[in-house]
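Notes for the one structure printed next.
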Amino acid sequence: MQLNTHLQQMNGSYLFTEIVHRTEVYQAAHPDTRILRLGVGDVTRPLPQPIVDAMHRAVEELAHRETFRGYGLEWGYPWLRQAIIDNDYTPRGVSLDIDEVFISDGAGSDLGNLSELFDAHNTVAVLDPAYPAYEDTSLMAGRAIVYLPCTAENGFVAQLLETQVDIIYLCYPNNPLGIVLSREQLKQWVDYAREHQSIIIYDSAYEAFITDPTIPHSIYEIDGAKEVAIEVRSFSKTAGFTGVRCGYTVVPKLTGLNAMWLRRQCTKYNGTSYISQRGAEASYTPEGKDALRANIAYYQQTAQVLLDGLRALDYEVFGGQNAPYIWCRVPQGYSSWSFFDHLLSTCQIVCTPGAGFGPSGEGYVRFSAFSPREDCLEALERMKTKNLKS
Ligand code: MLT
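Going by the working numbering, the first residue of the sequence shown is number 1, and it counts up by one from there.
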């Protein structure tokens, strides 16, 4: 037996596991302290009532012999796939076949699993900083990585590559930077991929947070993208499904990868829970849509509160306008991890150190607007009182 040496050699622990660990150590030493969690992007508003009702009905169906269901389809129920096309794509001028949409147990799993479609010798480009799963899964497979620095100097927009890469992970609205790409900027990536026969894995888990009407929500709004892009989305951040689990991945037939992904899923995935899929379907009813809009508006307003509050405390902040994340430069003299530790020990606030998202994240931390509004206000108050910048 030989181990996967690529996995064996991975450094340290997963970013969010390390944050949970440091937070738990601090909490154990200070049991009476109320820690404010503005770290991981985990939603905090309960499931909307129309979704709860749909899930209750689904459980009830499973409780009776006449309506019981066992294994579902590995690629998801047609009523949910059609609702996705009708609501998320057709209104944006994107036409998809129903068998190009695959229901998943969330974006995170598919973003990792998709790497199985490609040979180990492919080169992978990841934005730097980026959601760590892109880099981690590529390293686990032994692939070479090209980092695309996104820094204050380039306005956090990566330069287009001059060399050949095979797989490109893009995420817009961006996690962790909280910024978006214009239609023209996104088109440049699609053109690059067409010219270089590369594939783009497009993480658009945060598309519902876009407020600027000129910004594309789907990569398929760009001509030619169906030839070169897979798009991954989630119900986690909109419908409150971080614990429920449901998302979807679009693999257009024009990429030549649709049949392979179907083959992979049928072998390795037994389908998303019927209850989760009925809940996700309810997010497309008129009442469901209203509830989701209210959820998203709440988080958007919280992001604005954080942006304004941090600016008033003289922090340099970015993002947060079309995304639920705020990218914040740490005060002079700190690294992103040392500021994380300082914020935890002096204000009992958890953020996410920028360096955990890649080398160019050093010198920054990320604040998540998925936390309760009152916690964000209290966090700003604690930061003001302790005057961390002095
Ligand atoms: C994050 O905090 O970056 C993400 O929300 C974590 C995730 O979606 O897995």
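Cβ coordinates follow ideal geometry from the N, Cα and C atoms, glycine included. As the structure is a computational prediction, the values presented were derived from the model and not from experiment.
Between the alpha carbons of glutamine 49 and phenylalanine 235 lies a distance of about 15 Å. From the listed residues Gly333, Ala297, Arg45, the smallest Cα separation to threonine 242 is found for Arg45. Beta bridge pairing from DSSP links alanine 125 with Val146, Ile168. Within the model, the alpha-carbon separation for arginine 311 versus aspartate 86 is close to 40 Å. With a beta-carbon spacing of about 7 Å, alanine 369 and glycine 320 fall inside the 8 Å limit used to define contacts. Exposed is the label assigned to aspartate 119, since fewer than 16 other Cβ atoms lie within 10 Å of its Cβ. Within the same chain, Cβ atoms closer than 7 Å to the Cβ of asparagine 322 are found at Pro173, Val180, Phe209, Ile210, Thr211, Asp212, Ile215, the five residues on either side in sequence being excluded. DSSP, read as helix, strand or coil, puts threonine 137 in helix. Partner residues in the beta bridge of phenylalanine 102, as assigned by DSSP, are Thr249.
Counting along the chain, tyrosine 131 sits inside no alpha helix (DSSP H), nor does DSSP assign it H or E at all. For the options Ala291, Glu66, Leu161, Ala141, the alpha carbon positioned closest to that of glutamine 9 is the one of Ala141. The beta carbon of aspartate 314 sits closer than 7 Å to those of Lys389, all from its chain and outside the five residues before and after it, given in chain order.
Sequence-distant Cβ neighbours of phenylalanine 68 in its own chain, meaning closer than 8 Å and more than five residues away, are Glu61, Leu62. The segment 132 to 150 and the segment 275 to 291 do not touch, with fewer than 3 CB-CB distances between them shorter than 8 Å. As for any beta strand (DSSP E) of minimum length 3 sitting wholly inside the segment 56 to 82, there is none. For arginine 373, DSSP records no beta bridge to any residue. Assignment of beta-bridge partners to tryptophan 327 by DSSP yields Phe318, Arg366. Comparing alpha carbon positions, the residue from Gly155, Pro331, Arg34 closest to proline 129 is Gly155.
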